[in-house]
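Working notes, beginning with the structure itself.
In full-length UniProt numbering, the protein residues as written are 1 to 81.
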């Protein structure tokens with residue numbers, strides 16, 4: 001996986017926090033399916049969710065790059081949002 005700053009995605013996302021039966025906070029992001037984590041506190045869950053979102057987006061980007069490898073007639077460029 002890439003970790004350089006050029007490939008980091010930035011944006012605003014929704015965080016949903018729900019207290020589990022075990023007392024831990026479960027955090028999800030509806031805009032990024034698969035970004036789900038937990039923490040003992042909301043603060044810990046929030047930081048863990050930021051990491052989870054970055055990881056899911058990074059994997060999605062890598063998957064898309066691999067899918068385009070070797071294809072003719074494809075133009076790939078980077079857009080800032």
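From the three backbone atoms N, C-alpha and C, an ideal C-beta is built for every residue, glycine too. This structure is a prediction, so every number in the text was calculated from the model and none was measured.
Judged by beta-carbon spacing, residue 32 lies beyond the 8 Å limit of residue 59, meaning their Cβ atoms are not closer than that value. One Cα belongs to residue 45, the other to residue 81, and the distance between them is close to 26 Å.
From the listed residues 63, 64, 29 and 68, the smallest Cα separation to residue 11 is found for 29.
Assignment of residue 81 by DSSP, reduced to helix, strand and coil, places it in the coil class. According to the DSSP secondary-structure assignment, residue 26 is paired through a beta bridge with 18 and 38.
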